[in-house]
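Only one structure is covered here, and it is reproduced in the block below.
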Amino acid sequence: MKVQKTELQDLPTDLKRELLPQHVAVICDGNGRWAQHRGLPRFVGHQRGTDALKNLLRCCDDWGIGALTAYVFSTENWGRPQEEVDFLMTLFQRVLRQELREMVEENVQIKFVGNLSALPRSLQDEISRSMAETRNNRGIRFTVATNYGGRQEIVQACRAISDKVQQGLLQPDEIDEATFERHLYTAGICDPDLLIRTSGEMRLSNFLLWQTAYAEIYITETLWPDFDRREFHRALCSYQGRERRFGKV
Ligand code: IPE
Ligand code: IPE
Ligand code: MG
Numbered sequence: 003m004k005v006q007k008t009e010l011q012d013l014p015t016d017l018k019r020e021l022l023p024q025h026v027a028v029i030c031d032g033n034g035r036w037a038q039h040r041g042l043p044r045f046v047g048h049q050r051g052t053d054a055l056k057n058l059l060r061c062c063d064d065w066g067i068g069a070l071t072a073y074v075f076s077t078e079n080w081g082r083p084q085e086e087v088d089f090l091m092t093l094f095q096r097v098l099r100q101e102l103r104e105m106v107e108e109n110v111q112i113k114f115v116g117n118l119s120a121l122p123r124s125l126q127d128e129i130s131r132s133m134a135e136t137r138n139n140r141g142i143r144f145t146v147a148t149n150y151g152g153r154q155e156i157v158q159a160c161r162a163i164s165d166k167v168q169q170g171l172l173q174p175d176e177i178d179e180a181t182f183e184r185h186l187y188t189a190g191i192c193d194p195d196l197l198i199r200t201s202g203e204m205r206l207s208n209f210l211l212w213q214t215a216y217a218e219i220y221i222t223e224t225l226w227p228d229f230d231r232r233e234f235h236r237a238l239c240s241y242q243g244r245e246r247r248f249g250k251v
């Protein structure tokens with residue numbers, strides 16, 4: 003995260019700092035189409051997608067947004083051709099290794115959420131190292147959802163809670179929303195205020211099913227590798243124009 007003068011380096015003046023989302027979540031979709039539209043193989047889109055994510059992380063940091071969560075691989079994405087899955091796993095590992103030093107220096111706190119034990123061993127090692135090395139950082143909280151599925155997350159939370167009940171550590175009538183949240187992968191991270199999905203798809207695809215209960219949703223036709231500061235600015239303008247009622251009048 004070297005300081006480089008970029009367009010929209012500072013928070014655009016038409017955005018109100020006090021109304022910024024504290025936590026932005028993104029479904030990074032459209033890498034394959036981005037590449038296909040250029041006659042390139044899908045993997046080029048994935049490579050460019052990692053640049054877009056780095057840029058968004060830097061932008062959130064520049065503009066004073068405290069938490070960013072990115073969905074980069076779902077529990078359903080194992081169903082893709084083996085070469086694509088293998089490419090993605092290798093890409094995640096390489097990018098993580100390349101970027102870790104800068105994230106440590108820039109005070110980023112990185113966390114991976116999902117069923118991490120099913121990832122290749124070498125990627126798991128890189129993930130553990132990155133979380134350990136940035137654990138005490140107090141800058142932006144960057145959460146990467148890898149082999150993540152909202153339903154799988156809810157089921158594993160139920161299992162963990164049932165275990166405690168079985169051991170007598172918890173009574174069934176003590177289970178409330180707060181208990182449940184403490185057993186999700188995202189424990190300790192506030193719910194996203196704004197959920198962005200690129201590439202025009204209007205679905206959650208199993209992302210943060212519990213946590214997005216009251217997120218404002220912003221969908222853009224822009225494909226993920228093209229999602230830049232201007233696009234993010236548009237999303238934030240839309241967000242700041244909303245009235246969040248939370249069921250009230
Ligand atoms: C998102 O882009 C990246 C992953 C799901 C890993 P896609 O690969 O889904 O791109 P499209 O949707 O096929 O264009
Ligand atoms: C959602 O994108 C998952 C990620 C971006 C990681 P997909 O491309 O897998 O979603 P669907 O298949 O269009 O629902
Ligand atoms: Mg897709």
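Residue numbering for the sequence shown follows the working numbering, starting at 3 and increasing by one per position. Backbone N, C-alpha and C define an ideal beta-carbon position, used for all residues, glycine too.
> What are the start and end residues of each continuous alpha helix (DSSP H) run of 4 or more residues lying completely inside the stretch 62-142, in chain order?
Replying inline: Counting whole runs of 4 or more residues, the stretch 62-142 contains the alpha helix (DSSP H) stretches 84-107, 123-136.
> By a C-beta neighbour count over all protein chains shown, 10 Å radius and 16 as the cutoff for buried, is S124 buried or exposed?
Replying inline: The residue given as residue 124 occupies position 122 in the sequence shown. So S124 counts as exposed.
>> Any heavy atom of ligand 2 inside 8 Å of the beta-carbon of R205?
In response: The count along the sequence shown starts at 1 and reaches residue 205 at position 203. True, at least one ligand heavy atom lies under 8 Å from that Cβ.
> Do you know whose CA, among A189, R60, D31, E9, lies nearest E108's CA?
Replying inline: Within the sequence shown, residue 108 is the residue found at index 106, counting from 1. Among A189, R60, D31, E9, the Cα nearest to that of E108 belongs to R60.
>> Could you check if W226 belongs to the surroundings of ligand 1, using beta carbon to heavy atom distance under 8 Å?
In response: Here residue 226 refers to the residue found at position 224 when the sequence shown is read from its first residue. Of the heavy atoms belonging to ligand 1, at least one sits nearer than 8 Å to the Cβ of W226.
> Using DSSP with H/G/I as helix, E/B as strand and the rest coil, what is R263?
Replying inline: Residue 263 is absent from the model: the chain starts at 3 and stops at 251.
>> Please state the DSSP three-state secondary structure of I255.
In response: Within the shown structure, residues of the chain are numbered from 3 to 251, placing residue 255 beyond reach of any answer.
>> Let's test the definition: count the other Cβ atoms within 10 Å of the Cβ of Q213 and tell me whether it reaches 16, buried, or not, exposed.
In response: Translated into positions along the sequence shown, residue 213 becomes position 211. So Q213 counts as buried.
> So which of L93, E128, R153, E101 has the shortest CA-CA distance to T77?
Replying inline: Stepping through the sequence shown from its first residue, residue 77 is reached at position 75. Ranking L93, E128, R153, E101 by Cα distance to T77 puts R153 first.
> Count the other CB atoms within 10 Å of the CB of M204; is the residue buried (16 or more) or exposed (fewer)?
Replying inline: Taking the sequence shown and counting its residues from 1, the one referred to as residue 204 is at position 202. Result: exposed.
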